[in-house]
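>
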């Protein structure tokens, strides 16, 4: 295999794939990137067996072929090469020579035949949507995923394609975030999957490269084809991310979303975020609580910790209902407020033992269970 | 200059049992699990100790050493009631009280004109008159010295370490008497030719830090009788645990599992007896292996379950890869002052 490539393009390509590596101890080849050269492009693939990524970069191919090289080390070397022209040449013993300007590296590779190929599955169910929509929706809910391994079903984001709508849901059992969006697809494509948290993290990193993303899934796996319009960065076509899904039934989340509306307060999102953030400055691990009291066109937010002191914030709101008090983990309030971009949010609260609900005008709901003060 | 008193009840549980059952007077008595359930003694009285019976000893071993040993079951409610009564006596002399367990506490009596010696004797006399039980006391300028001193005239006695006597007092003490020096540290010290605090005193601080890390610094100070820890008034306990050291190391996982079941029963009983009703945040399990190396595993959990501890045990056992000398299991209470309510998702069956 022999090709010439632009250093920065090569580096950008390696940056896309280098997070998805397996442990070196169990399978050394999983810490390598598979480089395949053919017809004006190289493709770069990595996998940790749970997830795999492939991207394509423009290159001047002299001899087609393939090799695998340690991806982290290779990425560091390529980034530091002295000239923007890079030539890569692999001999029959998998030794790979990288030349750029006055520097030359010889790196030992492993033959591509040992590299586990990324599954390419027929698109049983596929959907096309805007990347900016998917990234926004993921940001709106992903903070609510559980990291408790004993609740593995909740260690991901639930995608539900039903009735011309995509709903994304995440919950850790204490709060639940839901965002919906209209999406057209044939009825037979309807279905639900749970995307693992690590895959969500990768997606958030990879998305926003171009216009559209195609999502396809079957019973065990999901694939994202992330379109790129990165001519300048050298990325060609699309980035392909394939991942296992979390197998199992997601809990019936609809039952925990309060049906009735009690007291609804319209609040400036930024202002509320700042108030909760400031109020929480006095909290500690032991008393990680802010108290909300709404009455008489005022929302008061207070917090205290026995070792430190107390804080008190007041916001003017339109509210003439009965006085309501409730306590929340401040992080649970700040997470959705940070993730949203709307100017205004609606907060619905009922009493000290009922969940608080954040809503926006466009299909966003975040249910937060309160703290019962001991 | 502080004045700290360490009060240590003499064979507390066993003393209560013999007090309440006159027929046991003068007989060797052990408190704890019976022989047929592979029980272990929680404690025993001095008559039993003469035969080599010790606390934490398997009951059947204790009975081999002392066939006439009377084994009675534990009555934690009674012990707790007595303990509260004793704590009331402490409160008459100080508001800085740090209970270590039902039968032990530190008191900071600095600045009290009566002086440490007089306060300790009054407290001990008061304990006898109100409960019929005897206590030993240690008086010193810090917790370390007070604790060592309370052992000096045990049972039913008291001893004071005065400021000017500290270095000489520490000199002949075996290193094991220092707080935090267990069998492993003691063995490492012995390999360096250090068996007494005096020998430890002659080592430079840099040497000790190199050998023991941060603990080396503590060793350096404690060997000189220096201890800066404050008496911290009764904070709520952070965890509750029960553990057992085995007379023969357990080589197989299934043997550990069997013991785990007994421990689990004890833990549940203990939790119930204390009936504190506090929310539980985490479950933990610790293992000590045949070479005294230790490991501990824990996970989030709101209620103790045998299957959760079995998972932790398998993990800890795999990690050690050696025969097991001690198993301990316990719960950590949630420290949050407020209880986070859960969404009714109905996925509990997933564990």
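Protein chains in written order, with our numbering: chain A, 686 to 1059; chain B, 8 to 358. Heads up, the beta-carbon is just placed ideally off N, CA and C, and yes, glycines get one too. This structure is a prediction, so every number in the text was calculated from the model and none was measured.
Using a Cβ-Cβ distance cut-off of 8 Å, determine whether residue 351 of chain B contacts chain A.
Interface residue, yes.
> I'd like to confirm the pairing. Which residues does DSSP put opposite residue 737 of chain A in its beta bridges?
A:732 and A:927.
> Find the residues of chain B that neighbour residue 882 of chain A, judging by a C-beta separation of less than 7 Å, and give them in chain order.
Neighbours of residue 882 of chain A on chain B: none; closest Cβ ~16 Å, over 7 Å.
> Quick one: measure Cβ to Cβ for residue 161 of chain B and residue 17 of chain B, integer angstroms, because I've assumed they're closer than 8 Å.
Indeed, because the Cβ distance is near 7 Å, the residues count as touching under 8 Å.
> So, does the region 105-112 of chain B touch the region 197-213 of chain B, judging by three or more C-beta pairs under 8 Å?
Short answer: they don't touch.
> Using beta carbons (cut-off 8 Å, strictly below), is residue 281 of chain B in contact with chain A?
Not one chain A Cβ lies under 8 Å of residue 281 of chain B.
> Say whether chain B places a C-beta atom closer than 8 Å to the C-beta of residue 1019 of chain A.
False, the Cβ-Cβ gap to chain B never drops below 8 Å.
> Out of curiosity, what's the CA-to-CA distance linking residue 325 of chain B and residue 690 of chain A?
Their backbone Cα atoms lie some 49 Å apart in a straight line.
> By Cβ distance below 7 Å, which residues in the same chain neighbour residue 694 of chain A in space, the five residues on each side in sequence not counted?
If we look at residue 694 of chain A and ignore the five residues flanking it on each side, its Cβ neighbours are 742, 743, 918 and 919.
> Assuming residue 322 of chain B contacts residue 338 of chain B (C-beta within less than 8 Å), just tell me the rounded distance between them.
The pair is not a contact, with the Cβ atoms about 17 Å apart (cut-off 8 Å).
> Restricting to Cα atoms, I'd like to know which of A:703, A:857 and A:1019 is closest to residue 935 of chain A.
Closest by alpha carbon: A:857.
> Is the Cβ-Cβ distance between residue 155 of chain B and residue 114 of chain B less than 8 Å?
Cβ atoms of residue 155 of chain B and residue 114 of chain B: not closer than 8 Å.
> When we look at the beta-carbon of residue 24 of chain B and count the other beta-carbons within 10 Å, is it buried (16 or more) or exposed?
Buried, since its Cβ has 16 or more Cβ neighbours within 10 Å.
> Between which residues of its own chain and residue 31 of chain B is the CB-CB distance below 7 Å, once the five residues before and five after are set aside?
Hits under 7 Å: 24, 25 and 77.
> From the DSSP secondary-structure annotation, give me the bridge partner or partners of residue 920 of chain A.
A:742, per the DSSP bridge assignment.
> Taking CB distances under 8 Å as the criterion, tell me whether residue 936 of chain A reaches chain B.
Closer than 8 Å to some Cβ of chain B, the Cβ of residue 936 of chain A qualifies, so yes.
> Cα-Cα, which of A:1040, A:721 and A:1011 is closest to residue 798 of chain A?
That would be A:721, whose Cα lies nearest to the Cα of residue 798 of chain A.
> Applying a beta-carbon distance threshold of less than 7 Å, which residues of chain B neighbour residue 793 of chain A?
The premise fails here: residue 793 of chain A is roughly 34 Å from chain B at the closest Cβ pair, so nothing lies under 7 Å.
> Could you name the residues of the same chain whose beta carbon sits closer than 7 Å to that of residue 263 of chain B, not counting the 5 residues immediately before and after it, in chain order?
For residue 263 of chain B, where only same-chain residues beyond five positions count, the Cβ hits under 7 Å are 257, 320, 324, 331 and 334.
> How close, in whole Å, do the beta carbons of residue 20 of chain B and residue 50 of chain B come, if the pair is a contact with beta carbons under 8 Å?
Sure, about 5 Å apart at Cβ, within 8 Å.
> Using the beta-carbon of each residue, which ones in chain C are nearer than 8 Å to residue 239 of chain B?
The structure shown contains no chain C; its protein chains are A and B.
> Residues in the same chain with beta-carbon distance under 8 Å from residue 943 of chain A, minus the five sequence neighbours each way, listed in chain order, please.
Once the five neighbours on either side are set aside, the close Cβ partners of residue 943 of chain A are 1033, 1035, 1039, 1040, 1042 and 1052.
> Please report the residue range of the beta strand (DSSP E) in which residue 825 of chain A lies.
Where residue 825 of chain A is concerned, there is no enclosing beta strand (DSSP E), although the alpha helix (DSSP H) it sits in stretches over 816-826.
> Name the residues in the region 833-851 of chain A whose C-beta lies less than 9 Å from a C-beta of chain B; which are they?
So the close ones are 833, 834, 835, 836, 837, 838 and 839.
> Show which residues of chain A have a CB atom less than 9 Å away from the CB atom of residue 346 of chain B.
Within chain A, the residues near residue 346 of chain B are 1056, 1057, 1058 and 1059.
> Given 8 Å as the limit, is there contact between the region 713-732 of chain A and the region 950-968 of chain A, that is, 3 or more CB pairs closer than that?
These segments do not touch.
> Are the beta-carbon atoms of residue 212 of chain B and residue 227 of chain B separated by less than 8 Å?
Their beta carbons are under 8 Å apart, which means residue 212 of chain B touches residue 227 of chain B by this criterion.
> From what residue to what residue does the alpha helix (DSSP H) around residue 157 of chain B run?
Note, residue 157 of chain B: alpha helix (DSSP H), 150-157.
> Could you tell me the alpha carbon to alpha carbon distance between residue 102 of chain B and residue 879 of chain A, rounded to whole angstroms?
The alpha-carbon atoms of residue 102 of chain B and residue 879 of chain A are separated by roughly 56 Å.
> Answer with yes or no whether the minimum CB distance from residue 192 of chain B to chain A is below 8 Å.
Not one chain A Cβ lies under 8 Å of residue 192 of chain B.
> Does any CB atom of chain B fall closer than 8 Å to the CB of residue 766 of chain A?
So, not an interface residue.
> Under the rule that 16 or more other beta-carbon atoms within 10 Å means buried, what is residue 852 of chain A, buried or exposed?
Per the 10 Å Cβ criterion, buried.
> Let me make sure I understand the geometry here. Which of B:329, B:191 and B:203 has the alpha-carbon closest to that of residue 178 of chain B?
Of the listed residues, the one whose Cα sits closest to residue 178 of chain B is B:203.
> To the nearest whole angstrom, what separates the beta carbons of residue 996 of chain A and residue 972 of chain A, a pair I think is in contact under 8 Å?
Actually they are not in contact, since the Cβ atoms of residue 996 of chain A and residue 972 of chain A sit about 12 Å apart, beyond 8 Å.
> Report yes or no: is there a C-beta of chain B within less than 8 Å of the C-beta of residue 927 of chain A?
Taking Cβ atoms only, chain B never reaches closer than 8 Å to residue 927 of chain A, which makes this a no.
> Considering only their Cβ atoms, is the gap separating residue 151 of chain B from residue 1055 of chain A smaller than 8 Å?
No; because the gap between Cβ atoms is not below 8 Å, this pair is not in contact.
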